[in-house]
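One structure below.
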Amino acid sequence: MTAAIRPAAVAGMFYPASAPALSMLVDDLLERAKEPEQLPRQPRALVVPHAGLVYSGPIAALAYRLLQRELPRTQWRRVVLLGPNHRLPLRGMALPEEEGWHTPLGDTPLDVPFMQQLQQTFDLAMRSDVHLPEHSLEVQLPFLQRVAAGLKLVPILVGQTEADWVARLVQYLWQDPHTLVLISSDLSHYHSWQEAWRLDELTTEMILAREPQLGSEQACGCHALNGLLLAARQEKLELRCLGQCTSGDTAGDKTQVVGYGAYVCF
32 MTAAIRPAAV AGMFYPASAP ALSMLVDDLL ERAKEPEQLP RQPRALVVPH AGLVYSGPIA
92 ALAYRLLQRE LPRTQWRRVV LLGPNHRLPL RGMALPEEEG WHTPLGDTPL DVPFMQQLQQ
152 TFDLAMRSDV HLPEHSLEVQ LPFLQRVAAG LKLVPILVGQ TEADWVARLV QYLWQDPHTL
212 VLISSDLSHY HSWQEAWRLD ELTTEMILAR EPQLGSEQAC GCHALNGLLL AARQEKLELR
272 CLGQCTSGDT AGDKTQVVGY GAYVCF
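All residue numbers for the sequence shown refer to our numbering, where the first residue is 32 and numbers rise by one.
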């Protein structure tokens, strides 16, 4: 581990580069998000999209509104983020080497002792090179910094990895009441608006049925998501859809859209 802070890679692209503008955007998204329905049990994991906030932010805010409401009732001290690599190839799973991550809203500390525990238990790679240019986990930070600033971060990129291996990691995390799991994934990519809605509704059916056979054409974070679904099936947990839309419903045209969904596992 180095004592370095990972700089923001996509500030000014996926979200505003100034702190006031970013705070205003995130707070507005949270305020506009509908209040999630009450759950019969405490959430164990969230699934959240990771596009530019003007596109996927309204759906992501549904999950973070739920986190904001539930946090005072929990023992959570950390959030473990599992998401896909878009920039550099990766087999298996990888932790970063830094001790903190930066956005315009400030620095979020990583839970270094817990990361070392995971690295030793699951033989995870330490790969700052794949983390430094990647947006799938970084775009979660502005929301976390606004609604759960007290939680430390454990970012894990999930490359080509079998679902059962990710499921073992998720089940290990669930043994600790201080840990919340967050999966970062968008849904379908670059279909027409009508086709994306059709495909994404089928994907949501698979997610709610805990069917861990999603492909990358259904969810770019399919490897992490399949591991969550397998773990949820084995632990007899439920999933619920908090909301779903496409980029054509928020800030883009409807000819080639990206699908977004937010889900809670409990």
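Ideal placement from N, C-alpha and C gives every residue a C-beta, glycine not left out.
query                                                                                                                                                   : result
In whole angstroms, what separates the C-alpha of Leu270 from that of Arg158?                                                                           : 31 Å
Mind the definition here: the segment 71 to 86 touches the segment 125 to 143 only if three or more C-beta pairs lie below 8 Å; say whether that holds. : no
Is the beta carbon of Asp138 less than 8 Å from the beta carbon of Leu184?                                                                              : no
Is the segment 37 to 53 close to the segment 264 to 283, with three or more CB pairs under 8 Å?                                                         : no
Identify which residue in Trp132, Leu136 and Val85 has its Cα closest to the Cα of Leu168.                                                              : Trp132
In chain order, which beta strand (DSSP E) runs of at least 3 residues are fully inside the segment 258 to 295?                                         : 270 to 277
Please report the distance separating the alpha-carbon of Leu245 from that of Met44.                                                                    : 29 Å
Could you tell me the boundaries of the beta strand (DSSP E) in which Pro186 lies?                                                                      : Lys183 to Val189
On the three-state DSSP scale, how would you describe Arg104?                                                                                           : helix
Using DSSP's beta-bridge definition, name the partner residues of Val111.                                                                               : Val185 and Val212
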